[in-house]
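Residue numbers (our numbering): 42 to 377.
Written out as structure tokens, the structure reads:
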């Protein structure tokens, strides 16, 4: 790759020298693109469709795309297929199912543009406040932890957990993972459409290729892993945050973005992270955890039991639950 190609690639992944403030060409382009994606998903667009040339000219292409998507219902991109196969293998019939239809954040800056209402500077929900500032967008979540005590939970039956981590019964972990994708409707609101007469609701997703080994000319090629992020649309700010750090790896459905075919640069590891703040409202009893009198020694140690039927999992506090194995796959939910 020559210096020019490298620069263009970095610009695409990290949005170098881009300005996503309203009124700029970058903002207008991504706003139109966001509406095009909403239309392709069969969701309400923001503003008058007649003001968007792409929607006017492409309405028949959009209809064709919707029909092709209907015929391919249930088809997963390569990264999601690898993760779903792992979940099916590990949990069997209790396995959570990854969403097939998401608002895919396949261009850098798209997550930032849709994290606020069109042309507006503020968004507020039950879990976050977002403000447009000169440097971009400032996101203030309701929960902002300053400690890691009791945060890291590991599924039993996966790789061994360290002594300072909490072990979660396999069936309970499966229940939490399934519940992660059963988000309440208000958390599915896309901020970009929040002030529309007919808002859009759904899931957002992002593909990352974080570099874990930089290239050393003449010795080793650059190595990266692949990570998929899923978030209820009102939590799209989380994906803006991680994209700002790790860059954007593009559309996960395109063959050129399939890490499985990039044998010279992929480490062979696949990760998946699901943002699910609503999991802090789940009761221990509903997850199948035992009462204190029936709990094992390890369950008593890790708090995996209940005294009160109304007791919330992890006392209603934020947590992170992972499941992984030696094949190099790891699935994580963030109830934070």
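Where is the CB? At the ideal position from N, CA and C, for every residue including glycine. As the structure is a prediction and not an experimental result, all values here were calculated from the model.
query                                                                                                                                                                                    : result
Which one of 143, 144, 124, 155 has the shortest CA to CA distance from residue 69?                                                                                                      : 155
Taking the DSSP output, what are the residues bridged to residue 286?                                                                                                                    : None, per the DSSP bridge assignment.
Are the CB atoms of residue 276 and residue 168 nearer to each other than 9 Å?                                                                                                           : yes
Report the partner residues of residue 369 according to the DSSP bridge assignment.                                                                                                      : DSSP output for residue 369 lists no bridge partner at all.
Quick check on the burial criterion: 16 or more other C-beta atoms within 10 angstroms. Buried or exposed for residue 238?                                                               : exposed
When you compare each of 241, 107, 198 to residue 208 by their alpha carbons, which one comes out closest?                                                                               : 198
Name the residue from 78, 105, 124, 219 whose alpha carbon lies nearest to the alpha carbon of residue 300.                                                                              : 124
Threshold first: 4 residues or longer. Then list the alpha helix (DSSP H) segments lying entirely within the stretch 97-169, N to C.                                                     : 119-132, 151-155
DSSP puts residue 180 in a beta bridge; with which residues?                                                                                                                             : 171
Would you mind working out which of 178, 90, 85 sits nearest residue 60, comparing C-alpha positions?                                                                                    : 178
Can you give, in chain order, each stretch of the beta strand (DSSP E) that sits fully within the stretch 184-218 and has at least 3 residues?                                           : 193-196, 207-209
Given a threshold of 16 other Cβ atoms within 10 Å of its Cβ, counted over all protein chains shown, does residue 172 qualify as buried or as exposed?                                   : exposed
For the beta strand (DSSP E) holding residue 248, just list the boundary residues, first then last.                                                                                      : 244-249
Mapping DSSP to helix, strand and coil, what is residue 360?                                                                                                                             : strand
In the DSSP output, which residue or residues are listed as bridge partners for residue 254?                                                                                             : 264
Ordered along the chain, which non-local residues of its own chain (more than five positions away) have a Cβ less than 6 Å from that of residue 281?                                     : 152, 153, 156
Might you give, ordered along the chain, the residues of its own chain that have their beta carbon closer than 7 Å to the beta carbon of residue 80, omitting 5 neighbours on each side? : 86, 96, 103
Can you tell me which of the three DSSP states residue 329 falls into?                                                                                                                   : coil
Span of the beta strand (DSSP E) holding residue 65?                                                                                                                                     : Neither: residue 65 is in no beta strand (DSSP E) and is coded neither H nor E.
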